[in-house]
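Chemist: Okay, handing you the structure first.
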Amino acid sequence: GDKDTKATKIALGTSEYENFKMKAGESVQDMNKRFNLIVNNLSKLNKVYPTSEINTKIIFSLPREWHSLVVNLLPKCADVETSTIWSSLYSHELLLKKMKEEEQVPIIKKTMALKIDDHPESEGESDEELAMFKRYKKFMKWNKGESSKRFPSKK
């Protein structure tokens with residue numbers, strides 16, 4: 028009958044809702060679509076969850092690497108719209124992507140070799156080169172290889 032079918036659909040939808048987790052490698056957008064489909068299908072069957080419960084469910088469905096965001100959002104679950112939760116997740120996803128990209132950029136260490144000329148043509152040139160080398164060394168010591176932070180490389 029119709030009531031049995033509806034009860035079965037509610038039971039299946041509720042189980043899907045309760046077991047909902049973000050999949051490995053899933054984007055926030057895909058997770059959002061999947062979650063909204065479950066909630067909307069349950070809503071059509073008159074099974075409606077309060078916003079605070081939906082927010083909590085979304086937050087607890089996140090993987091471990093999102094723990095810092097979970098800690099920040101959890102106290103706000105009852106007071107914010109679900110769209111605010113999703114917006115925070117989108118922002119955090121962008122941050123995680125940027126951090127992963129930065130981890131994958133190879134760090135190239137430059138080595139410097141000092142050429143020694145056994146037959147200097149004039150003492151003045153070697154003093155000038157020595158002074159330049161000292162300034163360069165002082166600059167590198169001051170800079171400590173942080174030029175990439177000040178002027179990020181473009182891809």
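Position in the sequence shown (from 1) plus 27 gives the number in the numbering used here. All C-beta atoms in this analysis are idealised placements derived from N, C-alpha and C, irrespective of residue type, glycine included.
#1: Which of helix, strand or coil does DSSP assign to residue 220?
#2: One question on the structure: do residue 54 and residue 120 come within less than 9 Å of each other, judged by their Cβ atoms?
#3: Pull up the distance between the alpha-carbon of residue 118 and that of residue 88, whole angstroms please.
#4: Going by CA-CA distance only, name the one from 105, 38, 82 and 92 that's closest to residue 113.
#5: Determine the contact status of residue 34 and residue 90, defining contact as a CB-CB distance below 9 Å.
#6: Please report the straight-line C-alpha distance between residue 58 and residue 161, rounded to a whole angstrom.
Modeler: According to the data block:
#1: What the structure shows of the chain is the stretch from 28 to 182, and residue 220 is not part of that stretch, so it cannot be assessed.
#2: Along the sequence shown, one-based indexing puts residue 54 at 27. Along the sequence shown, one-based indexing puts residue 120 at 93. Going by C-beta atoms, residue 54 is nearer than 9 Å to residue 120.
#3: Numbered from its first residue, the sequence shown carries residue 118 at position 91. Numbered from its first residue, the sequence shown carries residue 88 at position 61. Using only the alpha carbons, I get a separation of about 17 Å.
#4: By 1-based counting over the sequence shown, the position of residue 113 is 86. Looking at the Cα atoms, 82 is the closest of the given residues.
#5: Within the sequence shown, residue 34 is the residue found at index 7, counting from 1. Within the sequence shown, residue 90 is the residue found at index 63, counting from 1. In this structure, residue 90 does not lie closer than 9 Å to residue 34 by Cβ.
#6: As a working note, residue 58 is residue 31 in the sequence shown. As a working note, residue 161 is residue 134 in the sequence shown. Computed Cα separation, rounded: 57 Å.
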